[in-house]
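Chemist: Residue numbers (the working numbering), protein chains in the order written: chain A, 1 to 624; chain B, 1001 to 1624; chain C, 2001 to 2349; chain D, 3001 to 3349.
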Amino acid sequence: MVSAIAAKAEVIAAPRREVESVVVRFAGDSGDGIQLTGSQFTMSTALVGNDLATFPDFPAEIRAPVGTTFGVSAFQINFGARRIMTPGDAPDLLIALNPAALKVNLDTVKPGGSVIIDTGTCTARNLRKAGFEGNPLEDGTLAPFKVTGIDISRHTEEALTSFGLSQKDMLRCKNMWALGLVYWMYGRSRQATIDWLNRKFAKRPEIAGANIAALNAGHAFGETAEMGGGLSGFTVGPATLDPGLYRTVSGSEALAWGLVAGAQLAGLKMVFSSYPITPASSILHALAPLREYGVTTFQAEDEIAAVCSAIGASYAGALGVTSSSGPGIALKTEAIGLAIGTELPLVVIDSQRAGPSTGMPTKTEQSDLHQAVFGRNADSPVAVIAARSPSDCFEVAIEAVRLATKYMTPVILLTDGFVANAAEPWRIPDVDTLPRMAVSFATETEDFRPTRRDPVTQAREWVLPGTPGMEHRIGGLERDFDTGNISYDPANHQKMTNLRIGKIAGIARDIPAQGVEAGNPRGRLAVVGWGSTYGPISRAVDNLREVGLDVSHIHLRHIWPLPANLGDLLAGFEHVLVPEMNAGQLITLLRSRYLIDAEGLNKVSGQPFKISEIEATVRARLEA
Amino acid sequence: MVSAIAAKAEVIAAPRREVESVVVRFAGDSGDGIQLTGSQFTMSTALVGNDLATFPDFPAEIRAPVGTTFGVSAFQINFGARRIMTPGDAPDLLIALNPAALKVNLDTVKPGGSVIIDTGTCTARNLRKAGFEGNPLEDGTLAPFKVTGIDISRHTEEALTSFGLSQKDMLRCKNMWALGLVYWMYGRSRQATIDWLNRKFAKRPEIAGANIAALNAGHAFGETAEMGGGLSGFTVGPATLDPGLYRTVSGSEALAWGLVAGAQLAGLKMVFSSYPITPASSILHALAPLREYGVTTFQAEDEIAAVCSAIGASYAGALGVTSSSGPGIALKTEAIGLAIGTELPLVVIDSQRAGPSTGMPTKTEQSDLHQAVFGRNADSPVAVIAARSPSDCFEVAIEAVRLATKYMTPVILLTDGFVANAAEPWRIPDVDTLPRMAVSFATETEDFRPTRRDPVTQAREWVLPGTPGMEHRIGGLERDFDTGNISYDPANHQKMTNLRIGKIAGIARDIPAQGVEAGNPRGRLAVVGWGSTYGPISRAVDNLREVGLDVSHIHLRHIWPLPANLGDLLAGFEHVLVPEMNAGQLITLLRSRYLIDAEGLNKVSGQPFKISEIEATVRARLEA
Amino acid sequence: MNVTTPPKKLTDKDFASDQEIRWCPGCGDYGVLKALQRTLPEMGIPREKLVFVSGIGCSSRFPYYMNTYGFHTIHGRAPAIATGIKLANRDLDVWVISGDGDGLSIGGNHLLHVLRRNVDLNILLFNNEIYGLTKGQASPTSRPGTRSPSTPGGSIDYPVSAARFALGAGAHFVARSVDTLQPHLMEMFRRAHAHRGTSFVEIFQNCLVYNDGVFAHFTDREVADETQLRVRHGEPLLFGAAQDKGLRLKPGTLELEVVKVGEGGVGKADVMVHDETSPVLAMMLASLTPPAFPVALGVLYCHPGACYEDALAAQAGPKAADGPKANLNALLRRGATWTVQEGGRIADA
Amino acid sequence: MNVTTPPKKLTDKDFASDQEIRWCPGCGDYGVLKALQRTLPEMGIPREKLVFVSGIGCSSRFPYYMNTYGFHTIHGRAPAIATGIKLANRDLDVWVISGDGDGLSIGGNHLLHVLRRNVDLNILLFNNEIYGLTKGQASPTSRPGTRSPSTPGGSIDYPVSAARFALGAGAHFVARSVDTLQPHLMEMFRRAHAHRGTSFVEIFQNCLVYNDGVFAHFTDREVADETQLRVRHGEPLLFGAAQDKGLRLKPGTLELEVVKVGEGGVGKADVMVHDETSPVLAMMLASLTPPAFPVALGVLYCHPGACYEDALAAQAGPKAADGPKANLNALLRRGATWTVQEGGRIADA
Ligand SMILES: Cc1ncc(C[n+]2csc(CCOP(=O)(O)OP(=O)(O)O)c2C)c(N)n1
Ligand SMILES: Cc1ncc(C[n+]2csc(CCOP(=O)(O)OP(=O)(O)O)c2C)c(N)n1
Ligand code: SF4
Ligand code: SF4
Ligand SMILES: [Mg+2]
Ligand SMILES: [Mg+2]
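1) Looking at residue 1276 of chain B and residue 1060 of chain B, is the spacing between their C-beta atoms short of 8 angstroms?
2) Along the chain, where does the alpha helix (DSSP H) that runs through residue 1402 of chain B open and close?
3) Can you find the residues in the same chain that come closer than 6 angstroms, C-beta to C-beta, to residue 2256 of chain C, ignoring five residues on each side of it along the sequence?
4) Which of the residues in the segment 2325 to 2348 of chain C, read from start to end, lie with their CB under 9 angstroms from any CB of chain B?
5) I need the residues with a C-beta less than 5 angstroms from some heavy atom of ligand 4; please give them in chain order.
6) Indicate the three-state DSSP secondary structure (helix, strand or coil) for residue 2193 of chain C in the structure shown.
7) Assuming residue 435 of chain A is part of the alpha helix (DSSP H), what are its boundary residues?
8) Note down the Cα distance separating residue 1254 of chain B from residue 1219 of chain B, rounded to an integer number of angstroms.
9) Check the Cβ-Cβ distances between residue 1064 of chain B and every residue of chain D, and say whether any is below 8 angstroms.
10) Taking C-beta pairs closer than 8 angstroms, name the residues in chain D that residue 2312 of chain C reaches, listed in chain order.
11) Using a beta-carbon distance below 8 angstroms, is residue 2140 of chain C in contact with chain A?
12) Are the beta-carbon atoms belonging to residue 1045 of chain B and residue 1095 of chain B less than 8 angstroms from one another?
13) Just the C-alpha distance for residue 2174 of chain C and residue 2327 of chain C, rounded to the nearest angstrom, thanks.
14) Is the number of C-beta pairs between the segment 445 to 463 of chain A and the segment 503 to 517 of chain A that are closer than 8 angstroms three or more?
15) Compute the Euclidean distance between the alpha carbons of residue 148 of chain A and residue 213 of chain A, then round it to the nearest angstrom.
16) Taking 8 angstroms as the CB-CB cut-off, is residue 311 of chain A touching chain D?
17) Would you grab the beta carbon distance between residue 2229 of chain C and residue 2166 of chain C for me? Rounded to a whole angstrom, and I think it's under 8 angstroms.
18) Considering only residues of the segment 1269 to 1343 of chain B, which uninterrupted beta strand (DSSP E) runs meet the minimum length of 3 residues and lie entirely inside it, listed in chain order?
19) Does residue 1468 of chain B come within less than 8 angstroms of chain C when only Cβ atoms are used?
20) Would DSSP call residue 25 of chain A helix, strand or coil?
21) My guess is that residue 1624 of chain B and residue 356 of chain A are in contact by the Cβ rule of under 8 angstroms, so how many angstroms apart are they, rounded?
22) Would you say residue 1374 of chain B reaches chain A, if we count a Cβ-Cβ gap shorter than 8 angstroms as a contact?
23) Tell me, please, whether the CB atom of residue 1299 of chain B is closer than 8 angstroms to any CB atom in chain D?
24) With 16 other CB atoms within 10 Å as the buried threshold, where does residue 3172 of chain D fall?
25) Whose C-alpha, out of B:1442, B:1359, B:1490, is nearest the C-alpha of residue 1279 of chain B?
26) Kindly list the residues whose CB is nearer than 8 angstroms to the CB of residue 3346 of chain D, restricted to its own chain and excluding five residues on each side of it in sequence; keep chain order.
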């Protein structure tokens, strides 16, 4: 269906200030369509060639009562003409569509930053509901900022009089009005959004029309109005990205696609078994429609059934994958032990969130590393790897498949709520050129034993039920190294324990030597990170190196086993600083293994690190 | 009912060799009553004032087919005129009631040790079943030992002709015949066993009589026969134990009674919720009949329900206790997080066994320390303590109750299959003189908040549902430090995380400074142990010190937090050796915390350490 | 130990906590909350004796809104935690709040066992046939074909029937109601509370965000009369605006059929009379589904039996009931003991 | 991918593995093993297509003794693991072996869900009313009063009925047999195997060590005729040595009663005929207990419906069935993309 609405996508002429990068935060009620607004802005920003990083900040509630602070939804984007590593420490611009959004987000804004607020929502009742004692527009609360009050509600309604919509429906277009204004501010084309609206509301062209009219009206307001508070047009030039085809991708999407790619490269069907849980569910949602890509998703009755059905699938020759967040992973630990004991491949994805217990489900944290490395009964080693950014999820997922199938072992892949929801531009790989994995099923019946192994990797052969002449029994009881029969023999148990440990330790020979992301391979201070702290550490180290400090950045993908050269690498630094969004977990491994006096920088607030926090700590160490 | 059978408990007159300590191992088919024999011998040994330690070695099967190696049951006892620390590295005497028992246990016997074998069972068929190619009595297999073949089966039958029993029933008395013989060898009185038989078979006096007759016959055989293989009478003098009233106690009994004592000292009812699992079930069995001691036991539908009902019980004001082994503890970790988040007291007992997965359920291991300390999602600190010996279980159980109620926290108590089943003499404490615990429930309604805390311990108040005026809500979501309401505030989450960590860390101020068990508080080498390695380490260090080596023994009861002075203490030693029945778990804590180059001595065979293994390693270190 | 305030006249407001309610405006959960807050004052239970225990889900936020004791636990485990509460203190009046995901998916095992043990709890299962809190995935009660983020092609599982499951598990009390039926809900709460043992109440609850209108075919005002059968012990199974439709056993079979009173020679006396003590009838009623049949609401089954705590207390005897009494020192000294005297001499004890 | 050996004539011995059997001599498990090893050859399934999946318990050792593929998993989880096997390869012939503890205590939730999903599995539940492997604690099927190490005063739980539970969960096939009834067991295995979907077979099994004789009141040869009702679809519900006792609906009620054919005017035609497609009758039969009633053995219920894997395959369409086909590169390029050219120029894609 071709839309009836034509685009008016003129180029901006007004004089604009050139800036290198900008942080914008959209905020409003859950019903205001903030996440949509954010993703449209993201797309348009990507299309002009900026690098960018986004951070959606959902409320915990599904749909909290209108106007409450706990119902506020926000979306932050950092974009620029240079490499963008994080969604930004503090917004240069906050667009608040109601007082609650202002209340909740105000203290994130950079001092001297700009705030646009929809004055149409600033009724006494709404202000009270948001927890303001007086009127912040008048009582000096906003003094540190450049504030522009605009009655966005009224402007939107005025723009839509001709559409015959109810007031409620008109006000639903407010977000597009605001988006139009922000598009004007940063010189964005509206075309992509107009196309998207036409597609999205193909069956309801009047709604498409109203949204486009609001978008245009907000844009026109920018072009014509005399805005106070220093709002004016800006130009943010394109970043220099490597040539290629790009898209924006969220961590969950990249992870889902990486699993599909991994399974295809290994020539396997994938059975993805999961039980919904925030923030892991989005991976299930991304995979569920991909049946024709060789993916079977199974929503199990609980996390235990999820991991068990994945194990069953692996046993029968598919790639078994299960996914959850901390509390759900806790429930899976017994079964992961079974996969260890029976030496079956299994990928376990842990989308970490703030805990303990239910904690703060929508908030991010990196606090399941201990659980991943140590959280099982008995000596039960598995491989543990972590994704550092949305696009990295794709590669890490493939690596998880590679290790699981090559070493016949569970692999725990750590990601977190921040990575899962954040998005960034991604140079789309050509899957056909990625290296295939040599996965094969045993068929040699001669001298068959279920414990026959690859002499190099020590991996047990993968023997499929259905293969004639290789009928055998496996299970969670200790088995004889040679025959695979149940064994209580002391020496055999020692041998099998050593085998399990050695097999996982041997992975260190099969992963790249650890390098430095930035800085020298030896020096005064190394910042060692893993997972989603990549962005802030990376930018902080770059900033500090620009001012001449001797800092290096080391970022681990492989948590267990650790890269073979890591000890030597770390020994080359006077100080080792380990920022983690937990109370100190990777650092336990580093200290116990290498006996280095690494120091932790620990933030457990449910929020990602700010660049400035890392910078300040590094400076303090180097100046101490 | 008074028994009709009178005891003939004459004192032994024959000349006897005096020895300081002896290790005897009884072995036979599961149906041979080996465990009963062992416990009777234990009792009689205790009653002559020897110190002792026992180690029952059950088969994994309930009742395996007769004569198979996997159906062999064994019981080892070490007793002596000196302090006995372990069941002994290698038996001085093996009594094998069938060929399979000989096969399985032969290589444990000390070179030059004695072996008594029931030749009546050495038929060609039985020998084959046991896996002997030839006849070990003839083919030199037994050359390294002093072997005495006795047709115990026939002797027993002959002794019982007058009782009119079936052959099968007669042969069931074989173990008593053997026991009688061993009683004679070590100059034991038969009286206690005779009394016990009369009590046990009070309703079937003919069975009591037959057993007693067999016992007497075996004894008489010793007195009169000309035995080959150097079997003769020995004397083992009494050990010098502290004065007091004694009994023998197994780890499970002591643990159960310690929990009862702890609850009584705290003035609490106990709700003990568990799901059966080897080797933890015996604690449930010990507590189930103790209803009148304030104990409610609940056999839940699974481990999750077990821990959850214990948490519910604690919430409602009882002492909630749950108990399992490694795989079951793995299932409980999510719920333990809830107890952490809601700050409720909870005692979790982990009777460790060999893993991973189902592993070797009847074999011992210390491999759940990582799971206990680190095995939960998020930063979820709990207190972890460990029992070192059967009698120590009593004190450690009381300590678990103390910490759980004083700090409103889960406490994980680590024990293992070896401690659970082993027995030793125990000086029975006077429970009335043990210090009471000041546990109280909040009733002060003024300014009540569910997060009101003890200013010293930081423990939340225990507020009981049913208390008027203090209605409130708790749960697993993060809560506000001040009000206790749900909070997603970043600073609050950091504060609460710090609080949880600080509260547990603060326990270090409330536990004794770590001392040395033996040796100097600084020196060349410290052997650092925890849990059931106590016995072998202790004896090994004593032995080495006797020959002048500078070795000390440090044994931890508190694993988390570690004692405050431990770092300083360890720093005083050139070498730190950490023997563990796992692949290296305590050592992770010690190395990461104190950055000392501690070295592990790791045995993962399902068997306790031998004294000699520890001695050899220490020697090697000191000589290197 | 604690002083019990003498029951004073409370109103629904007394049972509302000070917490802002965080359900979506228009969610069916509000109606259930209201109905319970209105029923509790009649029952004369001191507020402090009430404990609301829930798992995780939108519905499981319920305890926060009750000005009583409340424990928002973990997903699926509320029945087990509530059992523990009763083991420690059977004087408390414990209500369990659960959802179709919480109670029938992850929590199915605990629900089975609490029902069979007949612990004295009131369990309210909010069935919206969807996972609300995690944003709309199909649940074990979702109908085949339900499209959701996790079942984009439509769910292919056969759904579980909460009431049938409960009956199969050996429940002693099974009732059903609808979020919007205030007086009926209140009646069910009264009945559930009066029943000693586990009272299981399934409430059809509308999730207007993720599953709006899924029960409309029998809850909409226009169709309710013809599609709801309100069962009441001892009364005929009649429905319809004119109460002229009824259920009877299809002759010679074990199936129910709908008959019209006054048509084809069917008289009122031919209509089956509800017997809430019949497990077979309860199962039949629980299985009725539109359009061929009405949905049965009310107390489908009520057959009291000893509750778990009572059996426990009875078994323990009066001694155990009021706390630790027996002498532990004596227990420790039971069996073979011996005395080591000063200087090491041994004496039998 | 794998070559399938053409089915050759196998015997029971071909299905016995080389492992020494580790059940107690005299255990009822032997009889079940034997019966299955004797039935399988008739079915003509190549050995390599057979997978035995079990949890933990004495009964769960079963797979070790079968010369087929076998997976001895963890306690209670066999149904979930078996589901995963079927998701990966629905050509396999998967049997689940469980016990009353494994399947109805810790594994209750998975059993519920596998039954409702109707995955094509044959589930044999060995019910000995006790935990054998852990040395004799009461299980969820133990009768009230059962004394065991964990219930020294006698169990106070109401037991769960495996068959009632399965029916409540929505099982499509429910049958019952006894460890000692070789031909009957074999018949049940044939029927279970023939049924596409989850076939649930409860086997009363004697644990001679911890619960000896617990079923003797209806399995002992002397009483069997009078206490066992062998149900067969389409045949009257008769029992007794002379087949002269029968069941009928007590007139005007929903209860069964025992009648004697030829007495009080009762003819054979008055005896109810078994209809294995009736869920109501199945529930009634499952509920019968001695001494008032005989124990019903046989296929209590069989009502085929689409099985899970078939529904899944149907939904996926022919494409998905034979492996990854769709082009991942195309998927990654769907939606808004742009090209960064050499030198940084941007072009919409
Ligand atoms: C162990 C665990 N698994 C998963 C979740 C995520 N989760 C929270 S609520 C929920 C389902 C809620 O559905 P339901 O019980 O029907 O409640 P509703 O929101 O519909 O009222 C899930 C899967 C969790 N919190 N914990
Ligand atoms: C997670 C876990 N919990 C507990 C156990 C201990 N366990 C093994 S078998 C069993 C019960 C067995 O009973 P049942 O299923 O009836 O089998 P049976 O031995 O009677 O054939 C238990 C509790 C275990 N192995 N794993
Ligand atoms: S998501 Fe549905 S069930 Fe949850 S609060 Fe909103 S309307 Fe209610
Ligand atoms: S304990 Fe019972 S069920 Fe287990 S093998 Fe022995 S007789 Fe069979
Ligand atoms: Mg729901
Ligand atoms: Mg059983």
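Glycine included, C-beta positions come from ideal geometry on N, C-alpha and C.
Modeler: According to the structure shown:
1) As a position in the second sequence, residue 1060 of chain B is number 60, starting the count at 1. As a position in the second sequence, residue 1276 of chain B is number 276, starting the count at 1. Cβ atoms of residue 1060 of chain B and residue 1276 of chain B: not closer than 8 angstroms.
2) Here residue 1402 of chain B refers to the residue found at position 402 when the second sequence is read from its first residue. Note, residue 1402 of chain B: alpha helix (DSSP H), 1392 to 1407.
3) Working through the third sequence from its first residue, we reach residue 2256 of chain C at position 256. Contacts found: 2247, 2284.
4) 2325, 2326, 2327, 2328, 2329, 2331, 2332, 2333, 2334, 2335, 2336, 2337, 2338, 2339, 2340, 2341, 2342, 2343, 2344, 2345, 2346, 2348
5) B:1062, D:3023, D:3024, D:3027, D:3058, D:3132, D:3207, D:3208, D:3209
6) Position 193 of the third sequence holds residue 2193 of chain C. DSSP, reduced to helix, strand and coil, places residue 2193 of chain C within a helical segment of the structure shown.
7) On the first sequence, position 435 is the one that residue 435 of chain A refers to. Note, residue 435 of chain A: premise wrong, no alpha helix (DSSP H); not H, not E.
8) Locating residue 1254 of chain B in the second sequence gives position 254, counting from the first residue. Locating residue 1219 of chain B in the second sequence gives position 219, counting from the first residue. Each residue's Cα considered, the two are about 33 angstroms apart.
9) If you number the second sequence from 1, residue 1064 of chain B lands on position 64. Cβ-Cβ to chain D under 8 angstroms: yes for residue 1064 of chain B.
10) By one-based count along the third sequence, residue 2312 of chain C stands at place 312. Within chain D, the residues near residue 2312 of chain C are 3156.
11) For the purposes of this step, residue 2140 of chain C is identified with residue 140 of the third sequence, where counting begins at 1. With 8 angstroms as the cut-off, residue 2140 of chain C counts as an interface residue toward chain A.
12) Within the second sequence, the letter at position 45 stands for residue 1045 of chain B. Within the second sequence, the letter at position 95 stands for residue 1095 of chain B. Against a cut-off of 8 angstroms, the Cβ pair of residue 1095 of chain B and residue 1045 of chain B comes out as no contact.
13) Taking the first residue of the third sequence as 1, we reach residue 2174 of chain C at position 174. Taking the first residue of the third sequence as 1, we reach residue 2327 of chain C at position 327. If you take the alpha carbons of residue 2174 of chain C and residue 2327 of chain C, they lie about 44 angstroms apart.
14) yes
15) Position 148 of the first sequence, counting from 1, holds the residue named residue 148 of chain A. Position 213 of the first sequence, counting from 1, holds the residue named residue 213 of chain A. About 22 angstroms.
16) Start at 1 with the first residue of the first sequence, and residue 311 of chain A comes out as number 311. Yes, its Cβ sits closer than 8 angstroms to a Cβ of chain D.
17) Against the third sequence, residue 2229 of chain C aligns to sequence position 229. Against the third sequence, residue 2166 of chain C aligns to sequence position 166. That belief does not hold up - the Cβ atoms of residue 2229 of chain C and residue 2166 of chain C are roughly 18 angstroms apart, past 8 angstroms.
18) Complete beta strand (DSSP E) runs here, min 3: 1270 to 1274, 1295 to 1299, 1319 to 1324.
19) Numbered from 1 along the second sequence, position 468 holds the residue referred to as residue 1468 of chain B. Closer than 8 angstroms to some Cβ of chain C, the Cβ of residue 1468 of chain B qualifies, so yes.
20) For the purposes of this step, residue 25 of chain A is identified with residue 25 of the first sequence, where counting begins at 1. In this structure, DSSP gives residue 25 of chain A an extended state, which the three-state scheme calls strand.
21) Within the second sequence, numbered from 1, the residue matching residue 1624 of chain B stands at position 624. Within the first sequence, numbered from 1, the residue matching residue 356 of chain A stands at position 356. Not confirmed; about 44 angstroms, so no contact.
22) Counted from its first residue, the second sequence places residue 1374 of chain B at position 374. Yes, residue 1374 of chain B counts as interfacial toward chain A.
23) Walking along the second sequence from the start, residue 1299 of chain B turns up at place 299. Yes, residue 1299 of chain B counts as interfacial toward chain D.
24) Your numbering for residue 3172 of chain D matches position 172 in the fourth sequence. Classification for residue 3172 of chain D: buried.
25) The sequence position of residue 1279 of chain B within the second sequence is 279, counting from 1. With distances taken between Cα atoms, residue 1279 of chain B lies closest to B:1359.
26) Along the fourth sequence, one-based indexing puts residue 3346 of chain D at 346. Excluding positions up to five away in sequence, the list reads 3338, 3339, 3340.
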